[in-house]
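Residue numbers (numbering that gives the first Met the number 0), protein chains in the order written: chain A, 0 to 219; chain B, 0 to 219. Report on the following structure.
2 protein chains.
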Amino acid sequence: MNKKEIHIEKQGFPSEAIKRLSLYLRNLKKLREKNIELISSAEITQFLNVTPCQFRKDLSYFGGFGKRGVGYNVGKLIVELDNILGTNKEWKIALIGVGRLGSALLSFEGFSEFNIKIASAFDVDEEKIGRTLNGIEVENIKDLERNINKRKIKMAIICTPPEITQKLADRLTEIGVRGILNFAPIALKTSRDTFVSNVDMACELERLIFFLKGVEDGQK
Amino acid sequence: MNKKEIHIEKQGFPSEAIKRLSLYLRNLKKLREKNIELISSAEITQFLNVTPCQFRKDLSYFGGFGKRGVGYNVGKLIVELDNILGTNKEWKIALIGVGRLGSALLSFEGFSEFNIKIASAFDVDEEKIGRTLNGIEVENIKDLERNINKRKIKMAIICTPPEITQKLADRLTEIGVRGILNFAPIALKTSRDTFVSNVDMACELERLIFFLKGVEDGQK
DNA sequence: ATTCATTTGTTCCTTTTTTCACAAAGTGTA
DNA sequence: TACACTTTGTGAAAAAAGGAACAAATGAAT
Numbered sequence: 000m001n002k003k004e005i006h007i008e009k010q011g012f013p014s015e016a017i018k019r020l021s022l023y024l025r026n027l028k029k030l031r032e033k034n035i036e037l038i039s040s041a042e043i044t045q046f047l048n049v050t051p052c053q054f055r056k057d058l059s060y061f062g063g064f065g066k067r068g069v070g071y072n073v074g075k076l077i078v079e080l081d082n083i084l085g086t087n088k089e090w091k092i093a094l095i096g097v098g099r100l101g102s103a104l105l106s107f108e109g110f111s112e113f114n115i116k117i118a119s120a121f122d123v124d125e126e127k128i129g130r131t132l133n134g135i136e137v138e139n140i141k142d143l144e145r146n147i148n149k150r151k152i153k154m155a156i157i158c159t160p161p162e163i164t165q166k167l168a169d170r171l172t173e174i175g176v177r178g179i180l181n182f183a184p185i186a187l188k189t190s191r192d193t194f195v196s197n198v199d200m201a202c203e204l205e206r207l208i209f210f211l212k213g214v215e216d217g218q219k
Numbered sequence: 000m001n002k003k004e005i006h007i008e009k010q011g012f013p014s015e016a017i018k019r020l021s022l023y024l025r026n027l028k029k030l031r032e033k034n035i036e037l038i039s040s041a042e043i044t045q046f047l048n049v050t051p052c053q054f055r056k057d058l059s060y061f062g063g064f065g066k067r068g069v070g071y072n073v074g075k076l077i078v079e080l081d082n083i084l085g086t087n088k089e090w091k092i093a094l095i096g097v098g099r100l101g102s103a104l105l106s107f108e109g110f111s112e113f114n115i116k117i118a119s120a121f122d123v124d125e126e127k128i129g130r131t132l133n134g135i136e137v138e139n140i141k142d143l144e145r146n147i148n149k150r151k152i153k154m155a156i157i158c159t160p161p162e163i164t165q166k167l168a169d170r171l172t173e174i175g176v177r178g179i180l181n182f183a184p185i186a187l188k189t190s191r192d193t194f195v196s197n198v199d200m201a202c203e204l205e206r207l208i209f210f211l212k213g214v215e216d217g218q219k
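What follows is the structure, given as structure tokens:
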């Protein structure tokens, strides 16, 4: 999940800042549930591994949403961040590959929280095609183009075996899908205006091992 | 999955470099399967969204493994990277939370490829405790400390609801777990010598939406 | 043996990201 | 109104990461 996989001309702000905005938004919504109306940068970052300074700076890339000497109005900031991130309207997404991970994602209730709706699911496996999971019918991957076009879907989650992932990404971009969340352990090549975000558990685990190893070596 | 979540004094190399090494290693192993013995930085990076230069630089942080005018010996480089990353020996890992995602991970065959073995699985749910998934018996989370200590496990994957994640992380670090892969959408606080890697699908998806939104706004 | 073509490893430079520090702006009190 | 106290927003400095360019090393060809 990385910087360079996202092809963008010029941003004017760190690519990581967007992830942090997402983090802030989630925490602000928790605060709202607790009926907290006002929060300072120091308070909200207390539990977020982010400095108050970075919080303010991240926001400042998009505008000044706080009040000096006072802090931030929770409800107002949520509206602003929803606007910035685009999570104020529903996004339809297609899921490609209904294997173990794919099924888990299909059954995942949490997407609705941030306004994402899995609108289609596809697989090659005859066994799976036609079955309904969490209200979504698994469709034949042959119908990928037709159904995604029909439903005007612009985002996809790919969790297929790595061998077929690139081909699928090509098919998806061909028909106008512009955002792909890729779980396959492969570096996708896409056109410049398509955004790929890789969730690569293997890399994460190996990084963890690397640091663990460092600790153990240090102890020896 | 991020820089600041990993607390390290001074590294001398970009934190992202480790993830890339992991990527290189995976691709080198594919090349070895195809009986390719020699590869240049230009060739290997061709399909990786990495410049040849960055490849060489990433390696150079740890040593000079190539031969000028020639390239890199695939087999030899695999050994070196396995050594650097620590994937040359088996790592036992505990899985906490056998919900949808947890089950998917338990059934995931791919861990063995990079020498990770899920050695324990825990849950609170009486229904799940005692059941065996992919050869692993789900244990009562009350026995977390005892069993992890007994098996000398140093790494854990947490995929529980966010509310209980911090408490679990505290318990884990308390008994010497030093690496945590966290799937819960929460920013974990841990002591300085524990490495946390967050896989946060929500953040990734929201970032995707943000960029998609940018494209659509541009089209209007 | 010499020349030419390759490809690495590394220094130096550029860009990006983070951190610092403080002026500006707001609140409350007397 | 004046003053003390907060907290934001931001320009400037520092740090980190990335990229370019090239010398050094290697192999092949003549």
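Each residue gets a CB set at the ideal place from its N, CA and C atoms; glycine is no exception. Values in this document were obtained by computation on a predicted structure and should not be read as measured data.
inquiry  = According to DSSP, simplified to helix, strand and coil, what is B:Ser190?
reply    = coil
query = For a contact meaning CB atoms closer than 7 Å, what does A:Leu226 contact in chain B?
reply = No information on residue 226 of chain A is available, as it lies outside the stretch 0 to 219 that chain A covers here.
key: With 16 other Cβ atoms within 10 Å as the buried cut-off, status of A:Asn34   = exposed
task = Answer with yes or no whether the minimum CB distance from A:Lys212 to chain B is below 9 Å.
result = yes
ask   = Among B:Arg67, B:Pro13 and B:Asn26, which one has its Cα closest to the Cα of B:Asp57?
value = B:Pro13
request  = Name the two residues that bound the continuous alpha helix (DSSP H) containing B:Ser106.
outcome  = Here the alpha helix (DSSP H) through B:Ser106 covers Arg99 to Ser106.
message = At the level of alpha carbons, what is the spacing between A:Ser39 and A:Gly68?
response = Rounded to whole angstroms, A:Ser39 to A:Gly68 spans 9 Å at the Cα level.
request  = Please say whether B:Glu79 and B:Phe64 have beta carbons closer to each other than 9 Å?
outcome  = yes
query = Going straight from the alpha carbon of B:Val137 to that of B:Leu76, what length do you get?
reply = 38 Å
task = Just tell me which of B:Glu162, B:Ala118, B:Pro51 and B:Asn139 has its CA closest to the CA of B:Ile128.
result = B:Asn139
request  = Could you list which residues in chain B have their beta carbon closer than 8 Å to that of A:Leu47, in chain order?
outcome  = Ala186
message = With a threshold of 9 Å between beta-carbons, can B:Val123 be considered close to chain A, or not?
response = no
message = Residues of chain A with CB closer than 7 Å to the CB of B:Val198, please, in chain order.
response = Val198, Met200 and Glu203
ask   = Among residues of its own chain, excluding the 5 on either side of A:Asn133, which ones have a beta-carbon nearer than 6 Å to its beta-carbon?
value = Leu105 and Ser106
ask   = If you measure from the beta carbon of A:Arg25 to each beta carbon in chain B, is any gap under 9 Å?
value = yes
key: C-alpha distance - A:Arg31 paired with A:Asp199, whole-angstrom precision   = 33 Å
task = Compare the C-alpha of B:Lys91 against each of B:Lys166, B:Glu108, B:Arg19 and B:Ala118 and name the closest.
result = B:Ala118
request  = Work out the CA separation of A:Cys52 and B:Leu207 for me, nearest whole Å.
outcome  = 25 Å
Same chain, Cβ closer than 7 Å to A:Thr159, neighbours up to 5 away in sequence not counted = Ile95, Gly96, Leu167 and Ala183
task = Compare the Cα-Cα distances from B:Arg177 to each of B:Gln165, B:Lys188, B:Met154 and B:Glu162 and report the closest residue.
result = Nearest of B:Gln165, B:Lys188, B:Met154 and B:Glu162 to B:Arg177, Cα basis: B:Met154.
message = Against chain A, with Cβ distances strictly below 9 Å, would B:Ala41 count as a contact?
response = no
query = Along the chain, where does the alpha helix (DSSP H) that runs through B:Ala183 open and close?
reply = Segment: none, B:Ala183 is in no alpha helix (DSSP H) and carries neither H nor E.
inquiry  = Closest to A:Gln165 by C-alpha separation, out of A:Thr189, A:Asn146, A:Gly101 and A:Thr193, would be which residue?
reply    = A:Thr189
request  = Alpha carbon to alpha carbon, how far is A:Val123 from A:Lys141? Give it in angstroms, no decimals.
outcome  = Cα to Cα, A:Lys141 sits roughly 8 Å from A:Val123.
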